[in-house]
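Trainee:
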Amino acid sequence: MSTPARRRLMRDFKRLQEDPPTGVSGAPTDNNIMIWNAVIFGPHDTPFEDGTFKLTIEFTEEYPNKPPTVRFVSHMFHPNVYADGGICLDILQNRWSPTYDVSAILTSIQSLLSDPNPNSPANSMAAQLYKENRREYEKRVKACVEQSFID
Amino acid sequence: MSEKFELSGEQTHQEGQINQDELILQQQRQIQQEISESTPLVGELESISSLNAEYSSDEVYLQKIKDLASKYKFVRRTRPDGNCFFRGFSYGYIEKLLSNKDEFKTFYTLAENSKSSLVELGFPQFTVEDFYDTFMEVLKRISDMPTLEESKRELHQLFNEQGYSDYMVVYLRLLTSGQLQREKDFYSCFIEGDRTVIDFCHQEVEPMYKESDHIHIMAACSAMNTGVRVVYMDRGNNKQVTEHDLPEGSTPYVHLLYRPGHYDILYPN
Chain A
1 MSTPARRRLM RDFKRLQEDP PTGVSGAPTD NNIMIWNAVI FGPHDTPFED
51 GTFKLTIEFT EEYPNKPPTV RFVSHMFHPN VYADGGICLD ILQNRWSPTY
101 DVSAILTSIQ SLLSDPNPNS PANSMAAQLY KENRREYEKR VKACVEQSFI
151 D
Chain B
1 MSEKFELSGE QTHQEGQINQ DELILQQQRQ IQQEISESTP LVGELESISS
51 LNAEYSSDEV YLQKIKDLAS KYKFVRRTRP DGNCFFRGFS YGYIEKLLSN
101 KDEFKTFYTL AENSKSSLVE LGFPQFTVED FYDTFMEVLK RISDMPTLEE
151 SKRELHQLFN EQGYSDYMVV YLRLLTSGQL QREKDFYSCF IEGDRTVIDF
201 CHQEVEPMYK ESDHIHIMAA CSAMNTGVRV VYMDRGNNKQ VTEHDLPEGS
251 TPYVHLLYRP GHYDILYPN
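Chains as they are written, first to last, in full-length UniProt numbering: chain A, 1 to 151; chain B, 1 to 269.
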C-alpha cells in the first residue's frame, strides 16, 4: 500500500540516485522500504578519513513529520555516538524539520564526524579525549577506521 | 567549566551510557499515541454547552462558557497534539473560504505562488515540493466538488486522514516560517533569548507537534493574508472571555477558542 511515508521514501531514494552527495550513499533494504542501509565515508582531513562506516536508518509511517532512527552499525569512537551506535544530533531529535530528506540526514551526520560537539557527549571518553588529548583521540578513531574495513 | 564537564561525564558512566534521547522519544511517542486514540484530528460541530462537561464543578469556567455561548454557536475540537493551531486555523480558514468563490480563487492563486517564494528564501525545493503538491491537491479536490455541502464533507474527510492532514499542517508551518524569515527585522523583537529568527523557525515553527504562540499566529495570518480572533478562556478572575484580534486591528475571518495549551475552532452566532 502506498502511504505518504512510503511515497516520500521512494522520492528520497530517487533523488539520492540522481543527485548523490559526495561521500555518502544509501538504499532501502531488499524487501522493506522503511529500513535503509547507508554508508558514510570518513571526511578528508579528519581522523575518520578512509573509513567506510555503515549505518541503518529506520523510518516510521510518520516520516517525514518525525525523524527516522539512525544508528551506526560500524563500531564508532566519536563524542556524539552512543555505545549502541545511536547518534546524538539535534536535527534527529528536537530540531528535526520535515524539509530534511535522507540526503540531508546523511550529509549532516558526515559533517558531525568532522565537527564533533564535545559539550553534548554521548560518549564521554571520546568527548574528553577530543578536548584534552587530541592525539589519543585520533589514535582511537583510526582504530575504528581500520575496523571498518573488516566489518 | 571543565569541572562541571567531568562531573557530567562521571554520571553518564554510571548510567552505563544509556541512550537517553531514545528513551525520551519513546515516551513521547507513547503519550502521543494515547491522545490520538481518543480524539479525532478535527471533530464534528458541537454546541458550546458541550464544553460544560469538562468543567462540571468549576464556577469560573462555567461562567465563561455562558459568556462564550452568547457569542458563538458551535465549537469544533481539534486533537491536542501540538499542531492544533495550524490544523484548526487551516481547516477553519478553508471552510470559510468555500462559501465565497472569489475569495477562494484569490487564496488558490496565493497558494499556487507560494512554493517559488519559499524556494527563493532558501527552502529546499525537493522537499517543499512534496508538501506543496499535497496542499494544492487538497485545495483542488475540495473545490472540485459540485456542491458546498460536498466540499465541506471532503474537507472534513481529508483533514481527518493523517497523511493529508499532517501535510497541510507542515506546509502551513513552512509558509509561516517563510513569513517570519521574510520579515525577520520585525519579528525578531518578539523572540525571547538570543535566538535568531532562523533558529526560532528551525526549533519552534517547522518541526511538527511544536505548540504555537502569538508570533506563529501573526506570521501565519500574514502568510495567508487574513485575520484571526483568538478567544481566551482561562481560570483568570474576570467573568468574560477575552478576545484578541491578530494581527491587531484586522477583521477576524477565523475564530479560535484558546484554553491554556490548546486551540479549537469557533463558529460565531
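The C-beta atom is built at its ideal place from N, Cα and C for all residues, glycine as well.
Over what stretch of residues does the beta strand (DSSP E) that includes His202/B continue unbroken?
Mentor: Position 202 of the second sequence holds residue 202/B. No beta strand (DSSP E) contains His202/B, which DSSP labels as neither H nor E.
Trainee: Is there a C-beta anywhere in chain A that falls below 9 Å from the one on Arg195/B?
Mentor: Residue 195/B sits at position 195 when you count from the first residue of the second sequence. So no, Arg195/B is outside the interface.
Trainee: Considering only their Cβ atoms, is the gap separating Asn65/A from Val170/B smaller than 9 Å?
Mentor: For this step, residue 170/B is matched to residue 170 along the second sequence. For this step, residue 65/A is matched to residue 65 along the first sequence. Yes.
Trainee: Taking the alpha carbon of Leu97/B as the reference point, which residue from Phe135/B, Pro247/B, Val254/B, Ile198/B has its own alpha carbon closest?
Mentor: Here residue 97/B corresponds to residue number 97 of the second sequence, with the count starting at 1. In this structure, Val254/B is the residue among Phe135/B, Pro247/B, Val254/B, Ile198/B with its C-alpha nearest to the C-alpha of Leu97/B.
Trainee: Could you tell me which whole beta strand (DSSP E) segments of length 3 or greater appear in the UniProt domain "UBC core" (4 to 150) of chain A?
Mentor: 24 to 29, 32 to 41, 52 to 58, 69 to 72
Trainee: Which class does Ser188/B belong to by DSSP, given the choice of helix, strand or coil?
Mentor: As a position in the second sequence, residue 188/B is number 188, starting the count at 1. Reduced to three states, the DSSP call for Ser188/B is helix.
Trainee: Which residues bound the alpha helix (DSSP H) around Ile48/B?
Mentor: Taking the first residue of the second sequence as position 1, residue 48/B is located at position 48. Per DSSP, Ile48/B belongs to no alpha helix (DSSP H) and is neither H nor E.
Trainee: Helix, strand or coil for Asp245/B, going by three-state DSSP, please let me know.
Mentor: Within the second sequence, residue 245/B is the residue found at index 245, counting from 1. Three-state DSSP puts Asp245/B in a strand.
Trainee: Using C-beta distances below 6 Å, list every residue in its chain close to Trp36/A, excluding the 5 sequence neighbours before and after it, in chain order.
Mentor: One-based indexing of the first sequence puts residue 36/A at position 36. Gly26, Pro28, Ile57, listed in sequence order.
Trainee: Based on the DSSP secondary-structure assignment, which residues constitute the bridge partners of Phe74/B?
Mentor: One-based indexing of the second sequence puts residue 74/B at position 74. Phe74/B pairs with Ser47/B, Tyr267/B.
Trainee: Compute the distance between the beta-carbons of Tyr72/B and Pro260/B, then report whether it is under 9 Å.
Mentor: Numbered from its first residue, the second sequence carries residue 72/B at position 72. Numbered from its first residue, the second sequence carries residue 260/B at position 260. No, the Cβ-Cβ distance between Tyr72/B and Pro260/B is not below 9 Å.
Trainee: Whole angstroms is fine: what's the gap from Ala69/B's alpha carbon to Ile48/B's?
Mentor: Stepping through the second sequence from its first residue, residue 69/B is reached at position 69. Stepping through the second sequence from its first residue, residue 48/B is reached at position 48. Their backbone Cα atoms lie some 6 Å apart in a straight line.
Trainee: Please decide whether Glu138/A counts as near chain B, where near means a Cβ-Cβ distance under 9 Å.
Mentor: Locating residue 138/A in the first sequence gives position 138, counting from the first residue. Not an interface residue.
Trainee: In three-state terms, what does DSSP make of Arg173/B?
Mentor: If you number the second sequence from 1, residue 173/B lands on position 173. Here Arg173/B sits in helix by DSSP.
Trainee: Pick out whichever of Asp115/A, Met76/A, Thr46/A has its Cα sitting closest to the Cα of Ala143/A.
Mentor: As a working note, residue 143/A is residue 143 in the first sequence. If you compare the alpha carbons of Asp115/A, Met76/A, Thr46/A with that of Ala143/A, the shortest gap goes to Met76/A.
Trainee: Give the interface partners of Gly86/A over in chain D, defined as CB-CB distance under 9 Å, in chain order.
Mentor: Absent from the structure is chain D; the protein chains it does hold are A and B.
Trainee: For Glu10/B and chain A, any beta-carbon pair shorter than 9 Å?
Mentor: Within the second sequence, numbered from 1, the residue matching residue 10/B stands at position 10. Here Glu10/B scores only 40 on pLDDT, less than 50, and its place in the model should not be relied on; the value that follows carries that caveat. Judged by the 9 Å Cβ criterion, Glu10/B is in contact with chain A.
Trainee: What does Asp130/B reach in chain A if we use C-beta pairs closer than 8 Å?
Mentor: In the second sequence, counting from the first residue as 1, residue 130/B sits at position 130. The answer, in chain order, is Arg8, Arg11, Pro64.
Trainee: Report the neighbours of Tyr167/B on chain A: residues whose CB is nearer than 7 Å to its CB, in chain order.
Mentor: Numbered from 1 along the second sequence, position 167 holds the residue referred to as residue 167/B. By Cβ distance, chain A contributes Pro4.
Trainee: Counting only runs of 3+ residues fully inside the region 52 to 126 of chain B, write out the beta strand (DSSP E) ranges in chain order.
Mentor: 72 to 78
Trainee: So with Cβ pairs under 9 Å, would you call Met208/B a contact of chain A?
Mentor: Start at 1 with the first residue of the second sequence, and residue 208/B comes out as number 208. It does; some Cβ of chain A falls within 9 Å.
Trainee: Which value, in whole angstroms, describes the spacing of the CA atoms of residue 277/B and Tyr93/B?
Mentor: As shown, chain B starts at 1 and ends at 269. That puts residue 277/B outside it, with no answer to give.
Trainee: Among Phe126/B, Glu137/B, Gly236/B, which has the Cα closest to the Cα of Arg11/A?
Mentor: Residue 11/A sits at position 11 when you count from the first residue of the first sequence. Here the closest residue by C-alpha is Phe126/B.
Trainee: Compute the distance between the beta-carbons of Trp96/A and Pro207/B, then report whether it is under 9 Å.
Mentor: Position 96 of the first sequence, counted from the start, is the residue given in the question as residue 96/A. Position 207 of the second sequence, counted from the start, is the residue given in the question as residue 207/B. Yes, the Cβ-Cβ distance between Trp96/A and Pro207/B is below 9 Å.
Trainee: Grouping DSSP H, G and I as helix and E and B as strand, with all else coil, what is Arg235/B?
Mentor: Here residue 235/B corresponds to residue number 235 of the second sequence, with the count starting at 1. Here Arg235/B sits in coil by DSSP.
Trainee: Name the DSSP bridge partner or partners of His255/B?
Mentor: To locate residue 255/B, count along the second sequence from 1; it is residue 255. Answer is Arg229/B, Leu266/B, bridged to His255/B.
Trainee: Based on the DSSP secondary-structure assignment, which residues constitute the bridge partners of Val42/B?
Mentor: Along the second sequence, read from residue 1 onward, the residue named residue 42/B stands at position 42. In the DSSP output, where bridge partners are listed per residue, Val42/B has Thr78/B.
Trainee: According to the neighbour-count rule (16 or more other Cβ atoms, all chains shown, within 10 Å of its Cβ), is Met1/B buried or exposed?
Mentor: As a working mapping, residue 1/B is identified with position 1 in the second sequence. Residue placement at Met1/B is poorly supported in this model, since its pLDDT is 36, which falls under 50; the coordinates are not used for a value here.
Trainee: Report the three-state DSSP secondary structure of Gln240/B (helix, strand or coil).
Mentor: As a first step, residue 240/B is located in the second sequence; it is residue number 240 there, counting from the start. Looking at Gln240/B - three-state DSSP - the assignment turns out to be coil, as it is neither helix nor strand.
Trainee: Between the C-alpha atoms of Pro47/A and Tyr82/A, what's the straight-line distance to the nearest angstrom?
Mentor: Translated into positions along the first sequence, residue 47/A becomes position 47. Translated into positions along the first sequence, residue 82/A becomes position 82. A straight line joining the alpha-carbon of Pro47/A with that of Tyr82/A spans about 18 Å.
Trainee: Grab me the residues of Met145/B's own chain with a C-beta within less than 7 Å of its C-beta, minus the 5 sequence neighbours each way, in chain order.
Mentor: Your numbering for residue 145/B matches position 145 in the second sequence. Answer for Met145/B: Ser151, Glu154, listed in chain order.
Trainee: If you measure between the beta carbons of Leu110/B and Arg182/B, is that distance less than 9 Å?
Mentor: Reading the second sequence from its first residue, position 110 is the one you call residue 110/B. Reading the second sequence from its first residue, position 182 is the one you call residue 182/B. No.
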